[in-house]
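Residue 59 in the UniProt record's numbering is what sits at position 59 of the sequence shown, and the numbering runs on without skipping anything.
Please read the structure below before turning to the comments.
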Amino acid sequence: MTAVKPETTTRTFESLDPATGEVVGTHPVHTEEEVREAVARAEDAAHWWDSLGFDGRAVRLRRWAAVMTRRLDELCAIVGKETGKPRGDAQLEIVLAVEHIAWAAKNARKVLGRKRRPAGVMLANHTASVEYRPLGVVGVIGPWNYPVYTPLGSITYALAAGNAVVFKPSEHTPGVGRWLADTFAEVVGEHPVLQVVTGFGETGSALVRAGVGKIAFTGSTATGKKIMAAAAENLTPVVIEGGGKDALLVDADADLDAAADAAVWGAFSNAGQTCIGVERVYVHERVHEAFVAKVVELTRKVTPGENYGPMTMPAQLEVVRRHITDALERGGRALTGGMNGVGDRYVQPTVLVDVPEDSEAVQEETFGPTMTVVKVRDMDEAVAKTNASRYGLGSTVFSRRNGIRLARRLRAGMTSVNAPFSFAGIPSLPFGGVGDSGFGRIHGADGLREFTWAKAIARQRFAVPVRLTTFTRTDKTDKLVAKLTGILHGRGASG
1 MTAVKPETTT
11 RTFESLDPAT
21 GEVVGTHPVH
31 TEEEVREAVA
41 RAEDAAHWWD
51 SLGFDGRAVR
61 LRRWAAVMTR
71 RLDELCAIVG
81 KETGKPRGDA
91 QLEIVLAVEH
101 IAWAAKNARK
111 VLGRKRRPAG
121 VMLANHTASV
131 EYRPLGVVGV
141 IGPWNYPVYT
151 PLGSITYALA
161 AGNAVVFKPS
171 EHTPGVGRWL
181 ADTFAEVVGE
191 HPVLQVVTGF
201 GETGSALVRA
211 GVGKIAFTGS
221 TATGKKIMAA
231 AAENLTPVVI
241 EGGGKDALLV
251 DADADLDAAA
261 DAAVWGAFSN
271 AGQTCIGVER
281 VYVHERVHEA
291 FVAKVVELTR
301 KVTPGENYGP
311 MTMPAQLEVV
321 RRHITDALER
331 GGRALTGGMN
341 GVGDRYVQPT
351 VLVDVPEDSE
361 AVQEETFGPT
371 MTVVKVRDMD
381 EAVAKTNASR
391 YGLGSTVFSR
401 RNGIRLARRL
411 RAGMTSVNAP
421 FSFAGIPSLP
431 FGGVGDSGFG
441 RIHGADGLRE
451 FTWAKAIARQ
461 RFAVPVRLTT
471 FTRTDKTDKL
481 VAKLTGILHG
491 RGASG
């Protein structure tokens with residue numbers, strides 16, 4: 001079972017191929033009542049799913065990953081139709097998503113299962129333990145730019161933790177969301193553990209207000225703020241992965257060929273429609289000229305429609321056009337692309353230089369195939385400029401000697417050193433940002449715990465003469481406790 005019954009919904013909408021404008025599919029616009037019904041079914045399903053235990057859920061999740069793998073071509077075709085991205089890019093995000101399913105299934109028990117904790121001296125007659133319990137129903141609101149990889153970063157970990165999920169995919173990629181739920185139902189057919197509701201903003205708003213245990217949202221920072229406001233009405237916790245304005249730093253000792261290749265791919269793949277895409281590049285003055293020459297040479301070999309697809313959202317074309325215009329009007333230069341490269345569906349890859357730091361192209365998320373390249377006197381200046389952004393999602397550093405040191409100084413939730421986006425492909429690492437890029441984490445152990453609550457249990461093993469939690473406690477007991485505390489902690493660092 002994937003969603004509420006379509007015959008109960010009168011409104012429908014169409015998903016379109018952004019490359020051609022052709023209709024890909026027709027989907028229901030689910031109402032607030034229908035969303036609440038889906039969440040109610042999920043609450044019952046969650047109890048059953050939790051009862052399977054870690055091992056039972058792991059078996060089902062691995063079967064789901066196997067189905068996705070065997071039917072890879074089928075899913076790639078749907079992703080390509082609804083996003084316009086080349087097959088190779090669709091396959092890459094699906095393969096990475098499968099890796100995350102496998103990791104979560106394998107590691108959920110180790111991360112979330114019951115563990116002993118030390119009870120301390122004062123309560124040494126106790127045993128202490130903690131375990132992480134599922135929230136029940138998790139609502140996931142996914143984006144259109146990576147319609148498999150990104151929402152499964154929440155769905156997979158929520159399921160592995162024992163939750164049921166109601167998933168609202170983007171209105172641009174509802175067919176992908178339905179395919180994911182349908183294939184999950186093939187291996188978990190007993191109860192509606194993963195359901196899909198489709199529609200526009202009002203459907204997502206209804207899901208936020210439907211009494212779920214948590215909302216996982218990926219999208220723009222502006223929409224994330226609206227999600228938080230709606231969730232606050234019921235004190236529903238949220239994890240938000242918002243926008244980014246990610247920087248790539250190139251040190252004087254960097255491998256320039258590798259750094260240029262990473263910058264070009266990071267900025268232009270998926271038409272720049274990547275939350276962790278490279279939008280700003282800060283280059284040491286000693287290698288700036290050589291680096292720019294390599295970037296321009298590589299960029300001229302990148303072809304829209306072949307190496308990447310169209311802009312999925314027509315409105316985003318206006319954002320790209322506005323940012324390029326602002327950059328050029330304020331003294332910037334387009335070494336490739338530029339205003340003449342912004343078409344009706346595709347944008348030519350655009351390399352901008354001499355752009356002021358306070359311009360829109362540097363300060364605001366562009367989400368298109370552009371990058372600004374800035375010369376800096378040293379890496380201290382590069383770090384300062386990178387950290388001046390209100391965003392703090394991902395980042396990249398190219399340096400032979402100082403990569404890790406620089407990475408640790410960046411105000412970003414994730415940093416790759418000498419390779420682009422590698423943190424996103426490592427399932428054990430948390431994924432998320434700071435500042436206007438959001439908060440909370442998906443992926444890894446942090447991602448599993450994100451969809452649980454901690455349950456602490458203390459058990460007295462045997463009674464002791466000195467009782468602390470009783471009205472019969474005496475002055476003698478209090479003095480003994482004070483003396484023992486002084487022995488244990490009173491000397492501080494000098495001890």
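Positions of the beta carbon are idealized from the N, C-alpha and C atoms, including for glycine.
Keep in mind it's a predicted model, so treat the numbers as computed, not measured.
Does DSSP put S15 in a helix, a strand or coil? Working through the sequence shown from its first residue, we reach residue 15 at position 15. If DSSP states are grouped into helix, strand and coil, S15 belongs with the strands.
Which residue marks the beginning of the beta strand (DSSP E) containing P134, and which one marks its end? The sequence position of residue 134 within the sequence shown is 134, counting from 1. Per DSSP, P134 belongs to the beta strand (DSSP E) from H126 to P134.
If you check the beta carbons only, do D246 and E289 fall under 7 Å apart? Stepping through the sequence shown from its first residue, residue 246 is reached at position 246. Stepping through the sequence shown from its first residue, residue 289 is reached at position 289. Taking 7 Å as the Cβ cut-off, D246 and E289 do not qualify as a contacting pair.
Within the same chain, show all residues whose beta-carbon is closer than 7 Å to that of D50, passing over the 5 residues directly before and after it, in chain order. Numbered from 1 along the sequence shown, position 50 holds the residue referred to as residue 50. Closer than 7 Å at the Cβ level, and outside the excluded window around D50, lie P134 and G162.
Just verifying my parser: in three-state terms, what is the DSSP assignment at M68? Numbered from 1 along the sequence shown, position 68 holds the residue referred to as residue 68. DSSP places M68 within a helical segment (H, G or I) once states are collapsed to three.
Give a yes or no on contact between the stretch 171 to 178 and the stretch 71 to 86, applying the rule of three or more CB pairs nearer than 8 Å. Flag = yes, the stretch 171 to 178 and the stretch 71 to 86 touch.
Identify whether W144 lies in helix, strand or coil by the three-state DSSP scheme. Stepping through the sequence shown from its first residue, residue 144 is reached at position 144. If DSSP states are grouped into helix, strand and coil, W144 belongs with coil.
Secondary structure of D246, DSSP reduced to three states: Within the sequence shown, residue 246 is the residue found at index 246, counting from 1. If DSSP states are grouped into helix, strand and coil, D246 belongs with the strands.
Hey, would you say S359 sits closer than 7 Å to A327, going by beta carbons? Position 359 of the sequence shown, counted from the first residue, corresponds to residue 359. Position 327 of the sequence shown, counted from the first residue, corresponds to residue 327. Cβ distance < 7 Å, so S359 and A327 count as in contact.
So G199 packs on N234, CB below 8 Å; how close in whole Å? In the sequence shown, counting from the first residue as 1, residue 199 sits at position 199. In the sequence shown, counting from the first residue as 1, residue 234 sits at position 234. Not a contact, Cβ separation roughly 20 Å.
Can you tell me which residues form a DSSP beta bridge with T218? For the purposes of this step, residue 218 is taken as residue 218 along the sequence shown, with counting starting at 1. Per DSSP, E241.
Drop a sphere of 10 angstroms on the beta-carbon of H489, count the other beta-carbons inside from all chains shown, and report buried for 16 or more, exposed for fewer. Position 489 of the sequence shown, counting from 1, holds the residue named residue 489. Result: exposed.
Restricting to runs no shorter than 4 residues, where is the alpha helix (DSSP H) found entirely within the stretch 170 to 202? Within the stretch 170 to 202, the runs of alpha helix (DSSP H) that reach at least 4 residues and sit entirely inside it are, in chain order, 174 to 187.
Quick one: Cα of T236 to Cα of V111, how far? Counting from 1 along the sequence shown, the entry for residue 236 is found at position 236. Counting from 1 along the sequence shown, the entry for residue 111 is found at position 111. If I take the Cα positions, the gap works out to 24 Å.
Who are the near neighbours of W144 in its chain, counting only those whose CB is closer than 7 Å to its CB and skipping five residues on each side? Residue numbering aside, residue 144 sits at position 144 when the sequence shown is read from its first letter. Sequence-distant Cβ neighbours of W144 in its own chain, meaning closer than 7 Å and more than five residues away, are T83, S170, H172, T173 and T312.
Cα-Cα separation, R63 to G219: As a first step, residue 63 must be located in the sequence shown, where it is residue number 63. As a first step, residue 219 must be located in the sequence shown, where it is residue number 219. Approximately 29 Å, taken between the alpha carbons.
Selection from M379, A108 and E357 that minimises the alpha carbon distance to G56: For this step, residue 56 is matched to residue 56 along the sequence shown. Here the closest residue by C-alpha is A108.
Going by the DSSP bridge assignment, what does R117 pair with across the sheet? Counted from its first residue, the sequence shown places residue 117 at position 117. Note: R117 sits in a beta bridge opposite A128.
State the CB to CB distance for the pair G432 and E241, rounded to an integer number of angstroms; the pair is presumed to be in contact (CB under 8 Å). As a working note, residue 432 is residue 432 in the sequence shown. As a working note, residue 241 is residue 241 in the sequence shown. Right, the Cβ-Cβ distance comes to about 6 Å (below 8 Å), so this counts as a contact.
Going by the beta-carbon positions, is the gap between L248 and A263 smaller than 7 Å? Stepping through the sequence shown from its first residue, residue 248 is reached at position 248. Stepping through the sequence shown from its first residue, residue 263 is reached at position 263. Cβ atoms of L248 and A263: closer than 7 Å.
Are Q273 and A38 closer than 7 Å when you measure CB to CB? In the sequence shown, the residue the question calls residue 273 occupies position 273. In the sequence shown, the residue the question calls residue 38 occupies position 38. No; because the gap between Cβ atoms is not below 7 Å, this pair is not in contact.
Nearest-angstrom Cα separation, counted from H126 out to R70: To locate residue 70, count along the sequence shown from 1; it is residue 70. To locate residue 126, count along the sequence shown from 1; it is residue 126. R70 and H126: Cα-Cα distance of roughly 51 Å.
Does the Cβ-Cβ distance between S416 and S422 come in under 7 Å? Numbered from 1 along the sequence shown, position 416 holds the residue referred to as residue 416. Numbered from 1 along the sequence shown, position 422 holds the residue referred to as residue 422. Yes. Within cutoff.
Please report the distance separating the alpha-carbon of V481 from that of G492. As a working note, residue 481 is residue 481 in the sequence shown. As a working note, residue 492 is residue 492 in the sequence shown. Going by the C-alpha atoms only, they are around 17 Å apart.
Would you list the residues sitting across from H27 in a DSSP beta bridge? Counting from one through the sequence shown, the residue named residue 27 turns up at place 27. DSSP lists F13 as partners of H27.
Can you grab the Cα-Cα spacing for the pair G343 / T203, in whole Å? Working through the sequence shown from its first residue, we reach residue 343 at position 343. Working through the sequence shown from its first residue, we reach residue 203 at position 203. G343 and T203 have their C-alpha atoms spaced approximately 32 Å apart.
Can you tell which of A42, V23, T10 and V24 has its C-alpha closest to the C-alpha of T31? The residue labelled residue 31 in the question sits at position 31 within the sequence shown. When each option's Cα is compared against that of T31, the closest is T10.
Taking its Cβ as the centre, do 16 or more other Cβ atoms sit within 10 Å of M414, making it buried, or is it exposed? For the purposes of this step, residue 414 is identified with residue 414 of the sequence shown, where counting begins at 1. Buried, since its Cβ has 16 or more Cβ neighbours within 10 Å.
Ordered list of alpha helix (DSSP H) runs contained in the stretch 352 to 415, each at least 4 residues: Within the stretch 352 to 415, the complete alpha helix (DSSP H) runs of at least 4 residues are 360 to 363, 379 to 387 and 403 to 409.
Residue from D89, G139 and T472 with nearest C-alpha to N307: As a first step, residue 307 must be located in the sequence shown, where it is residue number 307. Ranking D89, G139 and T472 by Cα distance to N307 puts D89 first.
Tell me the residue span of the alpha helix (DSSP H) that contains V292. Against the sequence shown, residue 292 aligns to sequence position 292. Under the DSSP assignment, V292 falls in the alpha helix (DSSP H) whose first and last residues are H288 to T299.
With a Cβ-Cβ cutoff of 7 Å, do V140 and F184 count as a contact? Residue 140 sits at position 140 when you count from the first residue of the sequence shown. Residue 184 sits at position 184 when you count from the first residue of the sequence shown. No.
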